[in-house]
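K.L.:
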Ligand SMILES: NC(=O)c1ccc[n+]([C@@H]2O[C@H](COP(=O)([O-])OP(=O)(O)OC[C@H]3O[C@@H](n4cnc5c(N)ncnc54)[C@H](OP(=O)(O)O)[C@@H]3O)[C@@H](O)[C@H]2O)c1
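Residue numbers (this note's numbering): -18 to 330.
(1) So, is residue 246 buried or exposed, given that buried needs 16 or more other C-beta atoms within 10 angstroms?
(2) May I ask whether a heavy atom of ligand 1 can be found less than 7 Å away from the beta carbon of residue 128?
(3) Going by DSSP, what residue range makes up the alpha helix (DSSP H) through residue 117?
(4) Which residue or residues does DSSP assign as beta-bridge partners of residue 335?
(5) Counting along the chain, where does the beta strand (DSSP E) carrying residue 13 start and finish?
(6) Give me whichever residues DSSP pairs with residue 194 in a beta bridge.
(7) Using the beta-carbon count (16 or more within 10 Å), is residue 50 buried or exposed?
(8) According to DSSP, is residue 180 helix, strand or coil?
(9) Taking the alpha-carbon positions, what's the residue 250 to residue 180 distance?
(10) Taking DSSP's pairing of strands, which residues face residue 296 in a bridge?
(11) Alpha carbon to alpha carbon, how far is residue 267 from residue 135? Give it in angstroms, no decimals.
(12) Grouping DSSP H, G and I as helix and E and B as strand, with all else coil, what is residue -11?
(13) For residue 260, which residues of its own chain have a beta-carbon under 7 Å away from its beta-carbon, when the five flanking residues on both sides are left out?
(14) Under the DSSP definition of a beta bridge, which residues are partnered with residue 27?
(15) If contact is defined by three or more beta carbon pairs under 8 Å, each pair taking one atom from either stretch, is the stretch -9 to 6 in contact with the stretch 137 to 151?
(16) Taking C-beta to C-beta, are residue 295 and residue 190 nearer than 8 Å?
(17) Whose C-beta lies closer than 7 Å to the C-beta of residue 66 among residues of the same chain, with five residues either side of it excluded?
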């Protein structure tokens, strides 16, 4: 049977890499959903839809009978953890309630989650976090989304999986959570001002153990979990497979940009980078870069959050390995590859 993927949140740092991987696999038809849409090709069609609008979802998705797999990776940002719940649950239910009843050959719904499931955003949490760990006090949108999927699946032929990456690294633009771009733009501006690359996080955050998830690796794992029976109705931590500390990696990243380091200095990137838009435009002009807006390139609050984790931040990735997913990525090399990609795309100097 022809496999047809509905990739929800198609322009995201996670979903855009998933689409790239599905195209590489060659045997998928792909429909991408988001508000912005995208450029269609033979195997890829974008539908522009506001997932927060239930009626619009019902109207625009009514023809999607051929969907066999739904890959959900949309995200609506909000200032508080509590406020994230309503819009993010609504987007998932609106799309699934529209497509699931009409997609007669639906086989799987994949839900993109994260370590918020383990309370990682709240403070020091148990590490390595395991899929089987106990829950924590709501509100937490990832849990509500999983509860909804689990109850919706009961008595149906399709299965679900929940994918839990650490901080995701990719080069998509216009996203509220993109650490690679945070570092790349921060380093480029530091260089422009003749400054060393200072780690801006909390003192303890420089020394803790962390891990990342490459968006390309994540895409492979997501498709693996969605298409292997032994993964049905389960959650999986998906990580690069190595750990690092900023105190070792930060000077190397500085070296990549041709910068020295100096002792960390705790500061809010959101605050200190707020007045650098004009400077960024000058950098773009002088280096012949593409004119992406400063807002499109920078997610400073996310950078502040990640650099503020003065506690260990990693999960146990062995469950996916036990069940057959054996890919890994070298995190240091991953950063260089992604910075290279940003340079080739003329996003950074
Ligand atoms: N990024 C990370 O480091 C990371 C780490 C761990 C877990 N996660 C989780 O992974 C999930 C996806 O995150 P992400 O970082 O990939 O998100 P993202 O880059 O912000 O992408 C979100 C996608 O959702 C679409 N979208 C937002 N509102 C929409 C609406 N009303 N209607 C239709 N489409 C809408 C956006 O496209 P348009 O703007 O075109 O609508 C975009 O394609 C989230 O649950 C997040 O918590 C992310």
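Beta carbons: idealized from backbone N, C-alpha and C, even for Gly.
Since this is a predicted model, take the numbers as computed values, not measurements.
P.N.:
In terms of the structure at hand:
(1) Around the beta carbon of residue 246, a 10 Å sphere encloses fewer than 16 other beta carbons of the protein chains shown; the residue is thus reported as exposed.
(2) Result no, Cβ not under 7 Å from ligand 1.
(3) Following the DSSP letters along the chain, one finds residue 117 in no alpha helix (DSSP H), marked with neither H nor E.
(4) Nothing in the structure corresponds to residue 335, since the chain is present only between -18 and 330.
(5) Segment 9 to 15, the beta strand (DSSP E) holding residue 13.
(6) Looking at the DSSP assignment, residue 194 forms a beta bridge with 149.
(7) Buried: at least 16 other Cβ atoms inside 10 Å.
(8) Residue 180 falls in the coil class under three-state DSSP.
(9) Distance between the alpha carbons of residue 250 and residue 180 is about 10 Å.
(10) Residue pairing of residue 296 in beta bridges, as defined by DSSP: 110.
(11) About 58 Å.
(12) In the three-state scheme derived from DSSP, where H, G and I count as helix and E and B as strand, residue -11 is classed as strand.
(13) Closer than 7 Å at Cβ, skipping near neighbours: 170 and 173.
(14) Paired residue(s): 13.
(15) The stretch 137 to 151 makes contact with the stretch -9 to 6: 3 or more CB pairs, one atom from each, lie closer than 8 Å.
(16) Between residue 295 and residue 190, the C-beta gap is smaller than 8 Å, which places the two residues in contact.
(17) Taking C-beta separations shorter than 7 Å and ignoring five residues to either side along the sequence, the partners of residue 66 in its chain run 120, 122 and 125, following chain order.
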